[in-house]
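Chains as they are written, first to last, in this note's numbering: chain D, 1 to 116; chain A, 1001 to 1116. Ideal placement from N, C-alpha and C gives every residue a C-beta, glycine not left out. If you're wondering where the values come from, they're calculated on a predicted model, not measured in any experiment.
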DNA sequence: CGTAATACATCAGTGTCTGATGTATCAGCG
DNA sequence: CGCTGATACATCAGACACTGATGTATTACG
């Protein structure tokens, strides 16, 4: 019954938040659950990573936030992508894809020539 | 003429080093060049990341090292995978692949149901 | 003799994650 | 009516890895 969920790799979380919010505004707790769900419960989101990330993204102008009632009737802070946030999402997804491609090349490379 | 190379994502470097050394023993400088080459020069390896990583991996028992002459005749510290290093390589590649899969799922997911 | 490549190494600064801790509300159950 | 678990926020010390700067030294080339 060990927890086999994956740990976040540092620096990769923000783009997941941006992606989630591209579906529509949401509050922190919901963002966390959506990421868990859409990753089939493999990505572990600690609250200590979540709230600072939201703050960070808002400070960078990628998100706006406001207090509203959630569907349970409780107050919650809802976040929404700004236009800059949409651009950042596209750019960061592109960087991630390049990174994975380059990484995969190294992991699947065969040695050529001699070893130094 | 800007440098468009990708920055390392924290925590992803070690597996590249292990992979490179699975081709045979090498010294630090060579490891760095091989990763650059096999990634088509997209992955930027700073020396300040390289040498601490090698030390770290050796401390974890994943590498052995010894001083030998390189093919230029200069002395260099050559690193080689230990059996534990080979196991770690397999495991870390598997974790990386799971991570990419989960991540890709989130990035390509479509919203289902309502937003909280 | 100067420059570039080879080869090592250290370190302050930075930024992000983990895990613990804390507050508070609400629903459901017994 | 009191308990528990889910919802919802937030903070913070500690750990850790990367960037970019700096430093040493040798070899090759022109």
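Residues that residue i contacts on chain D, provided the C-beta gap is smaller than 9 Å
i, result
"residue 1023(A)", "109, 110, 111 and 115"
"residue 1046(A)", "Residues of chain D passing the Cβ test: none, with the nearest at roughly 15 Å."
"residue 1013(A)", "Going along chain D, no residue has its Cβ under 9 Å from residue 1013(A), so there is no contact; the nearest lies around 10 Å."
Residue i in three-state terms, based on DSSP
i, result
"residue 97(D)", "helix"
"residue 65(D)", "strand"
"residue 116(D)", "With a pLDDT of 46 at residue 116(D), under the threshold of 50, the modelled position of that residue is not reliable, and the figure given next carries that caveat. Note: residue 116(D) maps to coil in three-state DSSP."
"residue 1001(A)", "In this prediction, residue 1001(A) scores a pLDDT of 46, lower than 50, which makes its location untrustworthy; no coordinate-derived value is stated."
"residue 1105(A)", "helix"
Sequence-distant residues of the same chain with beta carbon closer than 7 Å to residue i, five excluded per side
i, result
"residue 61(D)", "82 and 84"
"residue 1080(A)", "1021, 1025, 1063 and 1064"
Under 7 Å by beta carbon: chain D residues contacting residue i
i, result
"residue 1099(A)", "6 and 9"
Cβ-based neighbour list, residue i, same chain, cut-off 6 Å, excluding 5 preceding and 5 following
i, result
"residue 1092(A)", "1015"
"residue 1045(A)", "1032 and 1035"
Cutoff 8 Å; reference residue i; Cβ partners in own chain excluding five residues on either side
i, result
"residue 1043(A)", "1005, 1006, 1008, 1016, 1035 and 1036"
"residue 58(D)", "64, 65 and 79"
For residue j and residue i, the rounded distance between their alpha carbons
i, j, result
"residue 1068(A)", "residue 1027(A)", "9 Å"
"residue 1095(A)", "residue 1109(A)", "21 Å"
"residue 49(D)", "residue 111(D)", "39 Å"
Burial state of residue i, where buried means 16 or more other Cβ atoms lie within 10 Å
i, result
"residue 88(D)", "buried"
"residue 1019(A)", "buried"
Neighbour list for residue i in chain A, Cβ cutoff strictly below 8 Å
i, result
"residue 102(D)", "1006, 1039, 1040, 1042 and 1043"
"residue 16(D)", "1103, 1106 and 1107"
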